[in-house]
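Asker:
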Amino acid sequence: MIRSRSIRPPGRLLPLILASTAVVLAGCSGEERFPDRPIMLICPWSAGGGTDTVSRKVAAMLEQDLGVPVNVVNATGGSGVTGHTRGALAPPDGHSITMITVELNMLHWRGLTNIGPDDFRPVMLLNQDAAALFVPADSPWGSISDVRAAVAEAPRSLKASGTAQGGIWHVSLAGWLDAEGLRADDVLWIPINGAGPSLDALMSGGIDMVCCSLPEASSLMEAGRVRCLGVMAEARIPDFPDVPTFGEQGSDWSMGGWRGLGLPLGVPEDRAELLVSAVDRVIRSEDYLGFMEHTGFNVSPAPPGEFREIMEQFDRQMGDILMGEAFQSVRRTRYGPMIFPIVILALLGASLAVLLLRGSLRRDPGAPRLDRAGLARMGLVVLFVVSYMALAGQVGYLLSASTLLLGMLLALGVRWPVALATSAALVPATYQIFAVGLRVPLPWGWLGW
Amino acid sequence: MDPAILEAFRQVLLDPMIWAAVLGAAVYGVFVGAVPGLTATMAMALLVPVTYWMPPLPALAAVVTMVACAIFSGDIPTILLRIPGTPASAAYADIGSGLSSRGKGDEALVTALVFSVAGGLFGAVVLIVLGSQLAQVGTLFSPAEHFWLYVLGLTCAVVVSKDAPLKGALAVLLGLLVSTVGLSAVHASARFTLGYPELYQGIGFIPAMIGLFGVSEVLKNLLTLEPGVPGPTSVADVSRVRVLHALPGSLRRLFRRPVSAFRSGSIGALIGMLPGAGADIASWVSLGVSSRSKPEPDTPDDEAALDRLSDATTANSSALAGAWIPALIFGIPGDSVTAIVIGVLMMKDLRPGPEIFEKQPIIVYGLYLIFILANLALLPIGLLAIKAGGLVLRAPRRILMPVILLFCVLGSYAINGSTFDIGVMLASGLAGFALERRGVPLGPVVLGIILGGPLEERLIQVLTSADGSAIAFIDRWPARILALIWLILLFVSLGRGRGPDAIPASAASREDSSDHSDGG
Chain A
1 MIRSRSIRPP GRLLPLILAS TAVVLAGCSG EERFPDRPIM LICPWSAGGG TDTVSRKVAA
61 MLEQDLGVPV NVVNATGGSG VTGHTRGALA PPDGHSITMI TVELNMLHWR GLTNIGPDDF
121 RPVMLLNQDA AALFVPADSP WGSISDVRAA VAEAPRSLKA SGTAQGGIWH VSLAGWLDAE
181 GLRADDVLWI PINGAGPSLD ALMSGGIDMV CCSLPEASSL MEAGRVRCLG VMAEARIPDF
241 PDVPTFGEQG SDWSMGGWRG LGLPLGVPED RAELLVSAVD RVIRSEDYLG FMEHTGFNVS
301 PAPPGEFREI MEQFDRQMGD ILMGEAFQSV RRTRYGPMIF PIVILALLGA SLAVLLLRGS
361 LRRDPGAPRL DRAGLARMGL VVLFVVSYMA LAGQVGYLLS ASTLLLGMLL ALGVRWPVAL
421 ATSAALVPAT YQIFAVGLRV PLPWGWLGW
Chain B
1 MDPAILEAFR QVLLDPMIWA AVLGAAVYGV FVGAVPGLTA TMAMALLVPV TYWMPPLPAL
61 AAVVTMVACA IFSGDIPTIL LRIPGTPASA AYADIGSGLS SRGKGDEALV TALVFSVAGG
121 LFGAVVLIVL GSQLAQVGTL FSPAEHFWLY VLGLTCAVVV SKDAPLKGAL AVLLGLLVST
181 VGLSAVHASA RFTLGYPELY QGIGFIPAMI GLFGVSEVLK NLLTLEPGVP GPTSVADVSR
241 VRVLHALPGS LRRLFRRPVS AFRSGSIGAL IGMLPGAGAD IASWVSLGVS SRSKPEPDTP
301 DDEAALDRLS DATTANSSAL AGAWIPALIF GIPGDSVTAI VIGVLMMKDL RPGPEIFEKQ
361 PIIVYGLYLI FILANLALLP IGLLAIKAGG LVLRAPRRIL MPVILLFCVL GSYAINGSTF
421 DIGVMLASGL AGFALERRGV PLGPVVLGII LGGPLEERLI QVLTSADGSA IAFIDRWPAR
481 ILALIWLILL FVSLGRGRGP DAIPASAASR EDSSDHSDGG
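Here the protein sequences come in this chain order: A and B.
In terms of the numbering used here, the first sequence is residues 1 to 449.
In terms of the numbering used here, the second sequence is residues 1 to 520.
See below:
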């Protein structure tokens with residue numbers, strides 16, 4: 001994978017650079033092919049979760065189909081706001097795809113972002129997962145009516161989790177309570193980021209029930225540590241035939257999440273079509289279907305048009321639910337976002353004040369003085385980084401990094417043959433190792449190598 | 001003996017593909033771990049497509065070896081350049097680079113290697129012998145216990161700031177404050193984002209760490225670079241990185257201090273198996289405990305430093321096997337690397353959980369063997385890597401510094417493919433430079449950034465579940481034990497830290513001009 005480069009004696013390097021540049025530029029002439037460089041698959045959820053698992057599988061298989069690397073980037077945070085925003089605002093050249101999830105239908109109703117389903121061109125719906133309700137194996141409750149009775153008897157005494165405040169599993173549980181004629185906040189929702197940590201808390205006794213999808217808790221179910229009281233689906237899930245639906249237990253509530261792939265708006269139609277057909281081949285392959293079966297994810301693909309309809313339908317439903325009277329409490333958190341920063345700021349201020357009063361924040365006696373020449377050399381660092389940030393996106397890694405490295409070496413008084421040799425050998429070598437070998441994203445630019 | 005054990009031995013030891021996987025993954029792991037910004041998690045994600053083509057045991061061999069080697073090789077740039085290759089090394093960046101600047105880089109590195117191997121083997125033994133029992137301990141941890149664990153980790157970071165605990169506290173608090181930038185996980189509301197959408201995902205700790213340690217080190221070096229003089233190499237005096245020479249000494253150290261190695265290994269394994277706490281917290285806590293128990297006051301400084309270094313490296317390597325305990329038994333990963341491992345297992349038709357012990361005992365025993373094998377392979381490959389690291393550092397500083405800067409830029413961009421992270425790196429570098437000139441330690445800042453989010457989450461969770469009552473923090477016995485440990489730690493460190501902070505003796509004239517420019 002890593003092409004070795006022999007280091008020529010200094011002085012003969014300029015021709016080498018010119019020659020390699022020429023080769024690279026020549027390679028650019030046939031620019032018709034798509035995709036001709038690595039594709040980034042943005043996953044709005046963290047590594048190891050359900051969405052990440054599916055993303056990585058799809059990426060690994062798309063890579064074989066398309067013949068270019070497909071890298072998964074976990075852009076996490078803000079209940080999915082970060083990843084979805086980044087995906088919607090990515091350059092529409094077909095080299096960024098996003099794993100969009102049901103939160104896309106919820107975030108804008110909750111006022112967290114303006115990004116909604118209209119900001120993506122749907123590629124393919126991959127799966128839909130119904131919510132399910134789990135309790136510890138030693139819990140006295142055997143059915144959802146037991147839970148309903150317990151909640152009705154002592155509102156706000158039971159604790160549940162599964163995701164962040166206002167996330168899909170929270171809405172699923174609160175919606176069921178509401179449909180049962182209880183208040184949506186009669187069960188305290190502890191905001192725990194993700195099903196895995198929530199199940200942990202369930203087993204330690206920190207909470208009383210967890211609402212999440214079936215595959216996320218399947219290992220614990222098989223271990224006999226948790227019990228599933230019911231799944232909020234229209235019919236039983238084939239992989240979990242023993243789990244009854246909510247409908248069988250006298251409640252007509254069903255709710256769940258979905259995952260799919262989307263492109264930012266404005267991707268040329270031929271490129272989008274090419275990706276759609278590639279994804280289509282992938283999700284029909286035996287390999288993919290086998291994987292999804294082992295991991296317990298259901299497979300319910302839908303082509304772009306149908307996917308758009310499903311998103312729109314979900315969006316209306318979520319709007320009704322989230323904007324409704326019953327859900328005002330779901331959208332609110334009791335302990336405000338500023339509590340923690342204020343505590344930290346107060347402690348910080350106190351320790352800073354003590355340190356200043358004692359005079360112990362003076363310059364360390366061992367630290368050298370800042371003289372003009374030293375400051376100028378330090379300025380080179382700032383100059384290097386700032387110019388790289390400004391240039392690399394446009395010019396590309398190879399040109400900007402080698403120029404800047406050369407400039408900095410020369411400015412530090414390195415003899416020019418050595419400086420030239422260093423930057424000419426190092427920059428392409430790092431490019432080969434990182435971008436080609438390790439699949440680390442590097443800025444592209446003019447050379448488009 | 002269980003025939004499955006024999007079969008596992010046969011399959012692991014006689015399969016050339018496993019040996020190839022171990023060797024290849026070791027080299028890959030050493031390289032990735034040594035480059036700041038390439039994390040073990042990321043390396044793991046990059047391995048997934050490769051392991052996809054392998055049978056289960058070689059795939060597991062590659063994964064286990066890669067992580068073990070990456071966590072050790074993070075120590076190489078930490079000790080030689082004072083730039084932590086992985087967050088797990090940030091705890092002892094000062095200790096290691098201090099040794100290195102006193103010409104003991106080789107000893108420090110070989111000690112780190114020997115104790116990493118020992119820690120890794122210890123963790124493997126814990127996994128093999130006690131795995132299923134220990135998994136029960138993990139299930140005792142509700143949000144309140146996690147809260148105390150994080151507080152404990154942060155307090156250890158303060159305790160180990162040797163001369164000035166208050167400056168350590170300041171550093172931790174700064175880190176925590178930085179962690180609140182962006183959308184909070186609990187509330188999903190924007191804080192301190194100043195309207196920049198890039199700040200929504202917060203300040204990543206990897207670019208911040210690269211900046212705080214890497215860029216500030218480059219700045220410091222450039223400040224003192226003598227023009228026109230070829231000059232020695234960077235921070236480290238690497239004129240004599242003699243690895244084999246240092247090996248017997250490190251082995252002797254291991255045999256001289258079996259109790260503390262056992263203690264650090266246990267701390268590592270225990271912390272590693274708790275979801276949400278990994279090698280980074282393990283090395284801080286181990287270091288905190290280690291700095292509390294210094295039996296002989298007349299131990300030379302360098303010897304004491306090597307002892308503390310060995311404790312921390314033992315713990316962070318031991319934590320790796322610990323993370324597998326809940327993963328294998330409940331399918332709940334102890335850290336993000338193991339989370340991806342679970343994905344790999346599932347791709348191989350292996351569903352982690354108790355039934356894996358009954359249905360696929362060969363895989364489980366094979367995995368145990370692989371853990372031993374991986375750590376044994378780390379020893380020779382680590383020695384070679386140390387040697388290679390020493391060679392790289394023979395380059396003159398004026399060449400090395402720009403090259404390191406290039407790697408810092410690469411590393412910060414690599415995390416997310418975002419230019420914004422490069423800006424974060426530069427700003428942290430300038431801030432780190434300014435902080436360090438004022439004697440504020442940088443390691444605790446990194447830990448604060450790492451733990452700030454989870455700490456806040458747990459705080460809000462505990463408050464929510466108790467409807468605001470503070471009793472919730474200590475109303476369960478595991479939480480009470482942890483709170484008690486924390487109180488003891490606090491008292492002991494206060495008892496030691498009495499008296500004013502070390503005030504610079506020569507009240508050198510203050511440079512109030514431009515040395516605290518942390519904008520950008």
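Glycine included, C-beta positions come from ideal geometry on N, C-alpha and C.
#1: Compare the C-beta of residue 240 (chain A) against all C-beta atoms of chain B and say whether one is closer than 7 angstroms.
#2: Identify every run of the alpha helix (DSSP H) within the region 152-201 of chain B, keeping only runs that are complete inside it and at least 4 residues long; order them along the chain.
#3: If you pair each beta-carbon of the region 413-431 of chain B with each one of the region 100-111 of chain B, do three or more pairs fall below 8 angstroms?
#4: Kindly list the residues whose CB is nearer than 6 angstroms to the CB of residue 247 (chain B), restricted to its own chain and excluding five residues on each side of it in sequence; keep chain order.
#5: Is the CB-CB distance between residue 162 (chain A) and residue 210 (chain A) below 7 angstroms?
#6: Counting only Cβ pairs nearer than 7 angstroms, list the residues of chain A close to residue 97 (chain B).
#7: Mind checking which residues open and close the alpha helix (DSSP H) that includes residue 135 (chain B)?
#8: Please confirm if residue 151 (chain B) has its CB atom under 7 angstroms from at least one CB of chain A.
#9: What do you get for residue 324 (chain B), buried or exposed, if any count of 16 or more other CB atoms within 10 angstroms of its CB means buried?
#10: 7 angstroms is my cut-off, CB to CB: does residue 169 (chain B) come that close to chain A?
#11: Whole angstroms is fine: what's the gap from residue 287 (chain B)'s alpha carbon to residue 267 (chain B)'s?
#12: Where do the N-terminal and C-terminal ends of the beta strand (DSSP E) with residue 470 (chain B) fall, by residue?
#13: Report the start-end ranges of each beta strand (DSSP E) in the region 148-194 of chain A that is 3 residues or longer and not cut off at the edges.
#14: What would DSSP say about residue 447 (chain A), mapped onto helix, strand or coil?
#15: At which residues does the beta strand (DSSP E) containing residue 96 (chain A) begin and terminate?
#16: Is there a Cβ from chain A that is less than 7 angstroms from the Cβ of residue 52 (chain B)?
#17: For the region 200-213 of chain B, which residues have a CB atom closer than 9 angstroms to at least one CB atom of chain A, in sequence order?
#18: Helix, strand or coil for residue 141 (chain A), going by three-state DSSP, please let me know.
#19: By DSSP, does residue 213 (chain A) sit in helix, in strand, or in coil?
#20: Between which two residues does the beta strand (DSSP E) containing residue 378 (chain A) stretch?
#21: Is the CB-CB distance between residue 50 (chain A) and residue 216 (chain A) below 7 angstroms?
#22: Is there at least one Cβ from chain B nearer than 7 angstroms to residue 344 (chain A)'s Cβ?
#23: Should the region 350-367 of chain B be regarded as contacting the region 155-173 of chain B, the criterion being three or more beta carbon pairs within less than 8 angstroms?
#24: How many Å lie between residue 77 (chain B) and residue 391 (chain B) at the Cα?
#25: Going by the DSSP bridge assignment, what does residue 136 (chain A) pair with across the sheet?
#26: For chain A, find out if any of its Cβ atoms is closer than 7 angstroms to the Cβ of residue 330 (chain B); answer yes or no.
#27: Can you find the residues in the same chain that come closer than 8 angstroms, C-beta to C-beta, to residue 42 (chain B), ignoring five residues on each side of it along the sequence?
#28: Using the Cα positions of residue 115 (chain B) and residue 123 (chain B), report the straight-line distance between them to the nearest angstrom.
#29: Counting along the chain, where does the beta strand (DSSP E) carrying residue 17 (chain B) start and finish?
#30: Identify whether residue 258 (chain A) lies in helix, strand or coil by the three-state DSSP scheme.
#31: Quick one: which chain B residues come within Cβ less than 9 angstroms of residue 393 (chain A)?
#32: With H, G and I counted as helix, E and B as strand and the rest as coil, what does DSSP make of residue 297 (chain A)?
#33: For a test of the three-state rule: what should DSSP assign to residue 8 (chain B), helix, strand or coil?
#34: Quick one: what's got a C-beta closer than 7 angstroms to residue 201 (chain B)'s C-beta in the same chain, skipping five residues either side?
#35: Along the chain, where does the beta strand (DSSP E) containing residue 41 (chain A) start, and where does it finish?
#36: I need the DSSP call for residue 334 (chain A), collapsed to helix, strand or coil.
Answerer: Taking the definition as stated:
#1: Taking Cβ atoms only, chain B never reaches closer than 7 angstroms to residue 240 (chain A), which makes this a no.
#2: Qualifying alpha helix (DSSP H) stretches, in chain order: 165-179.
#3: In this structure the region 413-431 of chain B does not touch the region 100-111 of chain B; the number of beta carbon pairs closer than 8 angstroms is below three.
#4: Apart from sequence neighbours up to five positions away, the residues of its chain that approach residue 247 (chain B) with a beta-carbon distance below 6 angstroms are 110, ordered along the chain.
#5: Here residue 162 (chain A) is near residue 210 (chain A), since their CB atoms are less than 7 angstroms apart.
#6: Result: empty, since nearest Cβ-Cβ is about 14 angstroms, beyond 7 angstroms.
#7: Counting along the chain, the alpha helix (DSSP H) containing residue 135 (chain B) begins and ends at 105-138.
#8: Cβ-Cβ to chain A under 7 angstroms: no for residue 151 (chain B).
#9: Buried, by the Cβ-count rule.
#10: Yes - at least one Cβ of chain A is within 7 angstroms of the one on residue 169 (chain B).
#11: Straight-line measurement puts the Cα of residue 267 (chain B) at about 10 angstroms from the Cα of residue 287 (chain B).
#12: That residue, residue 470 (chain B), is in no beta strand (DSSP E); it is neither H nor E in DSSP.
#13: Every beta strand (DSSP E) stretch that sits fully inside the region 148-194 of chain A and reaches 3 residues is listed by chain position as 159-161.
#14: Assignment of residue 447 (chain A) by DSSP, reduced to helix, strand and coil, places it in the coil class.
#15: 96-101 is the span of the beta strand (DSSP E), which, as asked, contains residue 96 (chain A).
#16: Chain A contact via Cβ: present.
#17: From the region 200-213 of chain B, only 200, 201, 202 have a Cβ closer than 9 angstroms to chain A.
#18: When DSSP states are grouped into helix, strand and coil, residue 141 (chain A) belongs to the coil group.
#19: Of the three classes helix, strand and coil, the one that applies to residue 213 (chain A) here is strand, per DSSP.
#20: The continuous stretches of beta strand (DSSP E) do not include residue 378 (chain A), which lies in the alpha helix (DSSP H) extending over residues 372-395.
#21: It is a contact, given that the beta carbons lie within the stated cut-off.
#22: Taking Cβ atoms only, chain B reaches closer than 7 angstroms to residue 344 (chain A), which makes this a yes.
#23: Not touching, per the Cβ criterion.
#24: In a straight line, the C-alpha of residue 77 (chain B) is about 12 angstroms away from that of residue 391 (chain B).
#25: Answer is A:226, bridged to residue 136 (chain A).
#26: Interface residue, yes.
#27: 32, 414, 415.
#28: Using only the alpha carbons, I get a separation of about 12 angstroms.
#29: Looking at the DSSP string, residue 17 (chain B) is not in any beta strand (DSSP E); the run it does join, the alpha helix (DSSP H), is 16-34.
#30: It is a strand residue.
#31: Neighbours of residue 393 (chain A) in chain B, taken as residues whose beta carbon is under 9 angstroms from its own, are 419 in chain order.
#32: Residue state, collapsed to three classes: coil.
#33: Residue 8 (chain B): helix per DSSP, three-state reduction.
#34: So the qualifying residues of the chain are 182.
#35: 39-43 is the extent of the beta strand (DSSP E) around residue 41 (chain A).
#36: In the structure shown, residue 334 (chain A) sits in coil (DSSP, three-state: anything other than H, G, I, E or B).
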